[in-house]
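Heads up: the structure comes next, in structure tokens.
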Amino acid sequence: MPFGDREDELWEAMKPSFKPRLVSDPNLKYAWHLVNGTGPFATRTPATSHVRGDARATLARVVRRTPEVLVKVTGRKKGAKHLAAHLDYIGRHGDIPLETRDGEQIATKEDAQRIADEWSDPLYWRQGTSVSAVAMVFSMPAGTDPETVKQAVREAAERMIGDNHDYLMALHTDTPRPHVHLTVQAEGVDRKRFDPRREDLFRFREAFAEALRSRGVEAEATPRYTRGQGRAGTSMALTQLRARIRSGASRQPTEADLRQAREAMQIALGKAEQPAFVSKTRARWQDTKRRYEVAAERLDRSADREDRRLARDVRQFIQERGSIETVPDRMLREAETRVREAQERTRTRPSLDQGVPRGTPPPPSRRR
1 MPFGDREDEL WEAMKPSFKP RLVSDPNLKY AWHLVNGTGP FATRTPATSH
51 VRGDARATLA RVVRRTPEVL VKVTGRKKGA KHLAAHLDYI GRHGDIPLET
101 RDGEQIATKE DAQRIADEWS DPLYWRQGTS VSAVAMVFSM PAGTDPETVK
151 QAVREAAERM IGDNHDYLMA LHTDTPRPHV HLTVQAEGVD RKRFDPRRED
201 LFRFREAFAE ALRSRGVEAE ATPRYTRGQG RAGTSMALTQ LRARIRSGAS
251 RQPTEADLRQ AREAMQIALG KAEQPAFVSK TRARWQDTKR RYEVAAERLD
301 RSADREDRRL ARDVRQFIQE RGSIETVPDR MLREAETRVR EAQERTRTRP
351 SLDQGVPRGT PPPPSRRR
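In this text, residue positions in the sequence shown follow full-length UniProt numbering: the first is 1, and each later residue adds one.
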């Protein structure tokens, strides 16, 4: 039986399905189609869908550890002053030219200020509160050709937002990972606001990965659980705070790290339980592994040598990832280690007289 005849189940394990949360919608028919997956949102078969692509090729890239693309929203710029400061930063104060949607290069601070004013002009009466632009970062691992990354970002941006939103790009190569800062005008031509959510970022990742592959660069965009990775990424602000602590510039732990450490210690002492999402993550990974095993069995029965080779790679991938570890799991492991060390110190310390108040100095030794 050909592998492509039953790839729906495997595809569900490798691509997420987002469930929208609707509070109210004046277009009830549109909302009904959106929730029920009918009309323009009807599920397409793999044979007719151009979005799904080839499940076998995606599976091969996952188990062979193809580099994953990174797409993040790094901030929302409010007003012309805030946006101009951001453009000055990503342009490295004039050292790196900014590229417009049409390919024009912006090299002077005055031109960047003019664009910031134009993008914020419709909001002049509420500049302090409304978002003028959304800042994003597209990144690839070290060793990827920077120019290819930039061209792939341009293609993804043109495909996703180019017909409605203006944008600026800046390529940075001052870190091992080549990355592109994409700043998108919030106000669209149709007056709709650009406000990307999780599903939007995932579509950006897919478009970015497809553009890279079309240029000969192996890249993939899959959820963490597809790869057996349980630790989520962190925000740019938290990453920068932790970098300051590692460099010695700051000695104050972040509030997020302190909170996670306190929660993990309560769990290690038996006074609390792991968050519900931890067990759900493990269950999802077990379901994903089951789907991978089924796919490996089908590939093994194929007459194609490459399919049988992929089946071996899938089984090796599963064997190397017997379990999945989330951030709470890691924090709990560290907390349990501290608890065991404290118990060991207590057992090896000489027992004190229960009748003596704590903190009383020991009596002086008598010498004969």
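Cβ atoms here follow ideal geometry from the backbone N, Cα and C, with glycine treated the same way.
For residue i, which residues in the same chain have their Cβ closer than 7 angstroms to its Cβ, ignoring the five residues on either side in sequence?
i	result
L182	M136, F138, V153, A157, Y167, M169
Q127	At Q127, the pLDDT of 49 sits below 50, so the modelled position is not reliable; the number obtained from the coordinates is stated separately. Here the set comprises G79, A80, S120.
R308	L299, D300, S302
A209	V69, A219, E220, A221
residue 415	Because the chain in this structure spans residues 1 to 368, residue 415 falls outside the shown range and cannot be described.
A186	V131, S132, A133, V134, R193, F194
K100	Residue identity differs from the one stated: residue 100 is Thr in this sequence, not Lys. Once the five neighbours on either side are set aside, the close Cβ partners of T100 are I106, L168.
R284	Y225
R64	D313
A243	none
P146	L171, T173, P178
Determine the extent of the alpha helix (DSSP H) in which residue i is found, giving its start and end residues.
i	result
V62	55 to 63
L269	Where L269 is concerned, there is no enclosing alpha helix (DSSP H), given that its DSSP letter is neither H nor E.
E199	198 to 213
Between the options, which lies nearest to residue i when the distance is taken from Cα to Cα?
i	options	result
A107	Q260, A60, Q274, H93	H93
T87	V294, P196, A112	The sequence given here has Leu at residue 87, not Thr. That would be A112, whose Cα lies nearest to the Cα of L87.
V69	Y89, K109, M140, A272	M140
H165	D300, R177, E118	E118
M160	G188, G143, Q316	G188
T281	A243, G228, F208	G228
T144	A311, G162, T175, F204	T175
K109	Y89, R101, G103	Y89
D190	A283, G162, Q260	G162
E199	V73, V339, R338	V73
E155	G75, V180, A142	V180
Q286	A85, G322, F317	G322
P178	A142, D54, D102	A142
D102	A116, T66, Q151	Q151
V339	A57, P275, D95, L269	L269
H82	D95, L258, I115, T58	I115
Q260	V184, Q274, E344, A249	Q274
A57	E320, R345, E306	E306
D95	L258, T148, L171	L171
Taking 8 angstroms as the CB-CB cut-off, is residue i touching chain D?
i	result
A57	Of the chains in the structure shown, none is chain D; there is only one protein chain.
Is the beta carbon of residue i less than 8 angstroms from the beta carbon of residue j?
i	j	result
Y225	T173	no
K192	A133	no
E220	V62	yes
V314	A295	yes
A13	R215	no
L310	A60	yes
A55	L10	yes
I318	E293	yes
First and last residue of the beta strand (DSSP E) that includes residue i?
i	result
A170	167 to 172
V180	179 to 185
Report all residues from its chain with a CB closer than 6 angstroms to the CB of residue i; omit the five preceding and five following residues, and keep chain order.
i	result
K15	none
L201	V71
P97	Q105, A107
G75	A135
A207	A156, R159, M160
T348	none
H50	Residue confidence for H50 is low, a pLDDT of 42 falling below 50, so the modelled location carries little weight; the figure read from the coordinates is stated next. Answer for H50: no residue qualifies.
T66	E218, E220
Excluding the 5 residues preceding and the 5 following residue i in the sequence, name in chain order all residues of the same chain whose CB lies nearer than 8 angstroms to its CB.
i	result
A264	P328, M331, L332, E334, A335
A272	E263, Q266
T48	The predicted position of T48 is uncertain, since its pLDDT is 40 and thus under 50; a value taken from the coordinates is nonetheless stated next. Same-chain partners within the cutoff: there are none.
P196	V73, V134, M136, F204
Practice task
Any chance you could list the beta strand (DSSP E) runs of at least 3 consecutive residues sitting entirely within the segment 78 to 157, in chain order?
Solution key: 98 to 100, 131 to 139
Practice task
Run through the segment 290 to 349 for me and flag every whole alpha helix (DSSP H) of 4 or more residues, listed as ranges in chain order.
Solution key: 305 to 320, 327 to 348
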